[in-house]
Amino acid sequence: MMTTRALYNHLCEQEAQRLADIDFNSSYSLEVDINSIAYRPVFLSTMEEQFMSTLAKEQIRTLVKFSGTDHEDVVKWLFDFETVFDRAQLQISNKYIAVQSYLTDTAEKWFRHNKSTISDWSTFKLEIIKAYQPSLNQMLLKMEQRRQLPHESVLEYYVDKRQLCSQADP
Numbered sequence: 001m002m003t004t005r006a007l008y009n010h011l012c013e014q015e016a017q018r019l020a021d022i023d024f025n026s027s028y029s030l031e032v033d034i035n036s037i038a039y040r041p042v043f044l045s046t047m048e049e050q051f052m053s054t055l056a057k058e059q060i061r062t063l064v065k066f067s068g069t070d071h072e073d074v075v076k077w078l079f080d081f082e083t084v085f086d087r088a089q090l091q092i093s094n095k096y097i098a099v100q101s102y103l104t105d106t107a108e109k110w111f112r113h114n115k116s117t118i119s120d121w122s123t124f125k126l127e128i129i130k131a132y133q134p135s136l137n138q139m140l141l142k143m144e145q146r147r148q149l150p151h152e153s154v155l156e157y158y159v160d161k162r163q164l165c166s167q168a169d170p
């Protein structure tokens, strides 16, 4: 379906009317579980919706698994996950479910052992960082030893160095 200016104006008018019809003085309870609310943009065409769905799937496929070895950066791994999950518009409860399939080896065993105390996404993030974040001395040493590489731009080096600083002192 092609979206014409007239159709777009009509859709805007419908939305304005829908919003105008909302009764804000209602007597029913306004308590809502925040986890049940999700932002879902209105797509103007099925092609656009299919594109966004495909894009989200591709981004999720690029995510790497976390095994818990010393060379893996749990904070960066979580940041990458959070970024892709937010782009894919996953709800918080779905983030918690999805991340479990990206744990392997020691990290998977750690999760299975601690699953009874990790009930949601926020708790998962805190607990996995506690379990796998390197010591402050290791982070400071890594930050101190970081040098600009010959092929690396000043901006790339600066951004990486700032990231190391923020990991050492959040």
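In the UniProt record's numbering, the protein residues as written are 1 to 170.
We put the beta carbon where it would ideally sit given N, CA and C, even for glycine.
Where residue i sits in the DSSP three-state scheme
| i | result |
| --- | --- |
| Leu103 | strand |
| Val144 | According to the sequence displayed, residue 144 carries Glu and not Val. Correct three-state label for Glu144: helix. |
| Val32 | Since pLDDT at Val32 reaches only 46, below the 50 mark, its modelled position is unreliable, and no value is offered. |
| Thr4 | coil |
| His151 | coil |
| His71 | coil |
Close-in-space but distant-in-sequence residues of the same chain around residue i (CB under 8 Å, 5 per side omitted)
| i | result |
| --- | --- |
| Thr123 | Thr117 |
| Lys161 | Met143, Arg146 |
| Leu164 | Met139, Lys142, Met143, Arg146 |
Other residues of its chain near residue i: CB distance less than 7 Å, five sequence neighbours each side excluded
| i | result |
| --- | --- |
| Trp110 | Gly68, Ala131 |
| His10 | none |
Bridge-paired residues (DSSP) for residue i
| i | result |
| --- | --- |
| Phe66 | Leu103 |
Cβ separation of residue i and residue j, assumed to be a contact under 8 Å, to the nearest whole Å
| i | j | result |
| --- | --- | --- |
| Val84 | Gln167 | No, Val84 and Gln167 are not in contact; Cβ-Cβ is about 20 Å, not under 8 Å. |
| Lys125 | Leu63 | Actually they do not touch by this definition, with Cβ atoms about 15 Å apart. |
| Tyr96 | Trp121 | 4 Å |
Own chain, CB closer than 6 Å to residue i, minus 5 neighbours either side, in chain order
| i | result |
| --- | --- |
| Gln148 | Tyr157 |
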